[in-house]
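Q:
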Amino acid sequence: MSHRVAILGASGYTGAELVRLIATHPEIEIAALSAHAKAGQSMAEVFPHLRHLELPRLQRIEELDFSGIDLVFCALPHATSQSVIKALPRALKIIDLSADFRLRDPKAYEKWYGKPHEAPELQAEAVYGLTEFYREEIRAARLVAGTGCNAATGQYALRPLIAAGVIDLDEIIIDLKAGVSGAGRSLKENLLHAELSEGYQAYAVGGTHRHLGEFDQEFSRIAGRPVEVQFTPHLIPANRGILATVYVRGEAEEIHATLAQAYAAEPFIKVLPFGAHPSTHHVRGSNYVHIGVVGDRRPGRAVVIAALDNLTKGSSGQALQNANLMLGIEETTGLTLAPVFP
1 MSHRVAILGA
11 SGYTGAELVR
21 LIATHPEIEI
31 AALSAHAKAG
41 QSMAEVFPHL
51 RHLELPRLQR
61 IEELDFSGID
71 LVFCALPHAT
81 SQSVIKALPR
91 ALKIIDLSAD
101 FRLRDPKAYE
111 KWYGKPHEAP
121 ELQAEAVYGL
131 TEFYREEIRA
141 ARLVAGTGCN
151 AATGQYALRP
161 LIAAGVIDLD
171 EIIIDLKAGV
181 SGAGRSLKEN
191 LLHAELSEGY
201 QAYAVGGTHR
211 HLGEFDQEFS
221 RIAGRPVEVQ
231 FTPHLIPANR
241 GILATVYVRG
251 EAEEIHATLA
261 QAYAAEPFIK
271 VLPFGAHPST
281 HHVRGSNYVH
291 IGVVGDRRPG
301 RAVVIAALDN
311 LTKGSSGQAL
321 QNANLMLGIE
331 ETTGLTLAPV
341 FP
């Protein structure tokens, strides 16, 4: 049985990544694609690397016919998805890749995104889309909110450790490096090649990054009390990939054993042997997460390093993994392609 899906915002990086992944999926068919400025064009014109595929032409959202569509991927910018999703037919299953439904508390959304939430009634039914930790809720959901790519990386490194009580919750530092595609496809001066290449820079320093809202929400929920981490992201001159280096207080071997046990049955999360650490090269273009643990020279401290591809496991691959669950398909279908190396 083939399930028909629509991708809204298909002219962005996450939209193109969804098309790339779904193109070889045996049980999902792309029935409709939307774009705003590029409406009327073919995907081959917008993304020449997809020219070998037979795909619907890009249309404006208001021109789409949702009859016969089983699920919609909404890959629209933040603060746009709320009004669009609110207007979609109630019968549709929806996965939103923006930030619009990630934060359960509308006041938290307003704090981090600077405007009131426009669809609080939908927020109440949205399920947070970190697959490995909300699998059963996602399976039964109508609306799933995809996580932030940075937020997902930090959570894979830390959630089992917080749940097991093996680290000091008041001494967590996340130092994160992110590829430029995480900033989207819109033209921005600081993302020009001449301004980005041959160096890297910190941004949102001092606790202003929006993904801190997700860290606060999820870590505090696990711990049963407020948990606030130090988090500094850095923009690096690479197209894809996130590497999170997390500094914690705890026994390194116990931390490694906790992560290894927590993820032993997870198909996409690989905990490396103790003392080994990952590279973004080793997960590029894939839905895999690699996690390493190294002991610090000071006793009672450890370094946890997690790597994933921000466009795949951090966004579109995560979305497809969740879609498989929502549509009753084997969770790993279409997602076991090996990473691209070098």
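So for the sequence shown, UniProt numbering puts the first residue at 1; every next one is plus one.
Just so it is clear, CB atoms sit at the ideal spot from N, CA and C, and this is done for glycine as well.
1) From LEU76, GLY68 and LEU53, pick the residue whose C-alpha is nearest to that of HIS36; which is it?
2) In terms of residues, what are the limits of the alpha helix (DSSP H) holding THR258?
3) Suppose contacts are defined by Cβ-Cβ distances below 8 Å. Is LEU311 in contact with ARG221 by that definition?
4) Report the option in GLN261, GLU45, GLY129 and LEU143 whose CA atom is closest to the CA atom of residue 348.
5) Which of helix, strand or coil does DSSP assign to ARG57?
6) In the DSSP output, what is ASP175 paired with across the bridge?
7) Could you check how far apart the C-beta atoms of ILE167 and ILE255 are, in whole angstroms? I think they sit under 8 Å.
8) Between the region 61-68 and the region 102-113, can you find at least three pairs of beta-carbon atoms closer than 8 Å?
9) Which residues does DSSP list as the beta-bridge partners of LYS115?
10) Which residues bound the beta strand (DSSP E) around LYS93?
11) Does DSSP classify LEU337 as helix, strand or coil?
12) Measure the CB-CB distance between SER11 and GLU29 and report whether it falls below 8 Å.
13) Taking DSSP as the reference, what is the three-state secondary structure of ARG284?
14) Judging by CA-CA distance, which residue of PRO226, THR280 and ILE305 is the nearest neighbour of ASP175?
15) Give me the residue from PRO278, ALA126, ASP70 and LEU212 with the minimum Cα distance to GLN82.
16) Just curious, the alpha helix (DSSP H) that SER181 is in, first and last residue?
17) Can you look up ARG4 in the DSSP assignment and give me helix, strand or coil?
18) Using the rule of at least 16 other Cβ atoms within 10 Å of the residue's Cβ for burial, across every protein chain shown, is LEU243 buried or exposed?
19) How would you label VAL19, buried or exposed, when you count the other beta carbons within 10 angstroms and need 16 or more for buried?
20) To the nearest angstrom, report how far apart GLY334 and ALA39 are at their CA atoms.
21) Could you tell me which residues DSSP pairs with CYS74 in its beta bridges?
22) If contact is defined by three or more beta carbon pairs under 8 Å, each pair taking one atom from either stretch, is the region 132-146 in contact with the region 310-326?
23) State the Cα-Cα distance for the pair ILE329 and GLU27, rounded to the nearest angstrom.
24) From GLY277 to LEU158, what distance separates their C-alpha atoms?
25) List the whole-angstrom C-beta distance separating SER279 from ALA338, where the pair is believed to meet the contact cut-off of C-beta under 8 Å.
26) Grouping DSSP H, G and I as helix and E and B as strand, with all else coil, what is HIS52?
27) Under 8 Å, do HIS290 and HIS281 count as touching if we go by C-beta distance?
28) Which residue marks the beginning of the alpha helix (DSSP H) containing ALA157, and which one marks its end?
29) Give every residue of the same chain whose Cβ lies closer than 7 Å to the Cβ of GLU228, excluding the five residues on either side of it in the sequence, and list them in chain order.
30) What residue does the beta strand (DSSP E) around LEU143 start on, and which one ends it?
31) What first and last residue would you give for the beta strand (DSSP E) that runs through ARG301?
32) Name the residue from PRO233, ARG135 and ALA183 whose alpha carbon lies nearest to the alpha carbon of residue 346.
33) Taking the alpha helix (DSSP H) that LYS86 belongs to, which residues open and close that run?
A: A quick look at the data gives this:
1) In the sequence shown, counting from the first residue as 1, residue 36 sits at position 36. Ranking the options by Cα distance to HIS36, first place goes to LEU76.
2) Walking along the sequence shown from the start, residue 258 turns up at place 258. Run containing THR258: 252-262, per the alpha helix (DSSP H) assignment.
3) Position 311 of the sequence shown, counting from 1, holds the residue named residue 311. Position 221 of the sequence shown, counting from 1, holds the residue named residue 221. Contact: no.
4) Nothing about residue 348 can be read from this structure; the chain reaches only from 1 to 342.
5) Start at 1 with the first residue of the sequence shown, and residue 57 comes out as number 57. In the structure shown, ARG57 sits in coil (DSSP, three-state: anything other than H, G, I, E or B).
6) Here residue 175 refers to the residue found at position 175 when the sequence shown is read from its first residue. Residue pairing for ASP175: DSSP places it in a beta bridge opposite THR232 and THR245.
7) To locate residue 167, count along the sequence shown from 1; it is residue 167. To locate residue 255, count along the sequence shown from 1; it is residue 255. With a Cβ gap of about 7 Å, ILE167 and ILE255 count as contacting.
8) Between the region 102-113 and the region 61-68 there are fewer than three C-beta pairs closer than 8 Å, too few to call the two in contact.
9) What you label residue 115 is simply residue 115 of the sequence shown in a count that begins at 1. Beta-bridge pairing by DSSP links LYS115 to no other residue.
10) The sequence position of residue 93 within the sequence shown is 93, counting from 1. Start and end: 93-96.
11) The residue you call residue 337 lines up with position 337 of the sequence shown. Coil.
12) Locating residue 11 in the sequence shown gives position 11, where the first residue counts as 1. Locating residue 29 in the sequence shown gives position 29, where the first residue counts as 1. Cβ distance not < 8 Å, so SER11 and GLU29 don't count as in contact.
13) Reading the sequence shown from its first residue, position 284 is the one you call residue 284. Note: ARG284 maps to coil in three-state DSSP.
14) The count along the sequence shown starts at 1 and reaches residue 175 at position 175. Measuring C-alpha to C-alpha distances from ASP175 to each of PRO226, THR280 and ILE305 identifies ILE305 as the nearest.
15) One-based indexing of the sequence shown puts residue 82 at position 82. Ranking PRO278, ALA126, ASP70 and LEU212 by Cα distance to GLN82 puts ALA126 first.
16) As a first step, residue 181 must be located in the sequence shown, where it is residue number 181. Counting along the chain, SER181 falls outside any alpha helix (DSSP H), and DSSP gives it neither H nor E.
17) Counted from its first residue, the sequence shown places residue 4 at position 4. Note: ARG4 maps to strand in three-state DSSP.
18) Looking up residue 243 in the sequence shown gives position 243. Under the 10 Å beta carbon count, LEU243 is surrounded by 16 or more other beta carbons and is classified as buried.
19) For this step, residue 19 is matched to residue 19 along the sequence shown. Looking at its Cβ environment, which holds 16 or more other Cβ atoms inside 10 Å, VAL19 is buried.
20) On the sequence shown, residue 334 is found 334 positions in, with the first residue counted as 1. On the sequence shown, residue 39 is found 39 positions in, with the first residue counted as 1. Each residue's alpha carbon lies about 28 Å from the other.
21) In the sequence shown, residue 74 corresponds to position 74, counting from 1. DSSP, once it has assigned bridges, lists LEU8 and ASP96 as partnering CYS74.
22) For the pair of segments examined, the region 310-326 was found to touch the region 132-146: the number of CB pairs separated by less than 8 Å reaches three.
23) The residue labelled residue 329 in the question sits at position 329 within the sequence shown. The residue labelled residue 27 in the question sits at position 27 within the sequence shown. In this structure, the straight-line span from the alpha carbon of ILE329 to that of GLU27 is close to 8 Å.
24) Here residue 277 refers to the residue found at position 277 of the sequence shown. Here residue 158 refers to the residue found at position 158 of the sequence shown. It should be pointed out that residue 277 corresponds to His in this sequence rather than to Gly. So the alpha carbons of these two residues sit roughly 15 Å apart.
25) By one-based count along the sequence shown, residue 279 stands at place 279. By one-based count along the sequence shown, residue 338 stands at place 338. Contact check for SER279 and ALA338: beta-carbon distance about 15 Å, past the 8 Å limit, so the pair fails to qualify.
26) Numbered from 1 along the sequence shown, position 52 holds the residue referred to as residue 52. HIS52: coil per DSSP, three-state reduction.
27) Against the sequence shown, residue 290 aligns to sequence position 290. Against the sequence shown, residue 281 aligns to sequence position 281. With contacts defined by Cβ atoms closer than 8 Å, HIS290 and HIS281 do not form a contacting pair.
28) Looking up residue 157 in the sequence shown gives position 157. 149-164 is the extent of the alpha helix (DSSP H) around ALA157.
29) Within the sequence shown, residue 228 is the residue found at index 228, counting from 1. Non-local beta-carbon contacts of GLU228 in its own chain, meaning distances under 7 Å to residues more than five positions away in sequence, involve ASP216 in chain order.
30) On the sequence shown, residue 143 is found 143 positions in, with the first residue counted as 1. Per DSSP, LEU143 belongs to the beta strand (DSSP E) from 143-145.
31) Here residue 301 refers to the residue found at position 301 of the sequence shown. Where ARG301 is concerned, the enclosing beta strand (DSSP E) starts and stops at 301-308.
32) Residue 346 lies beyond the residue range present for the chain, which begins at 1 and ends at 342; the question has no answer from this structure.
33) Working through the sequence shown from its first residue, we reach residue 86 at position 86. Secondary structure note for LYS86: its alpha helix (DSSP H) is the uninterrupted segment 81-86.
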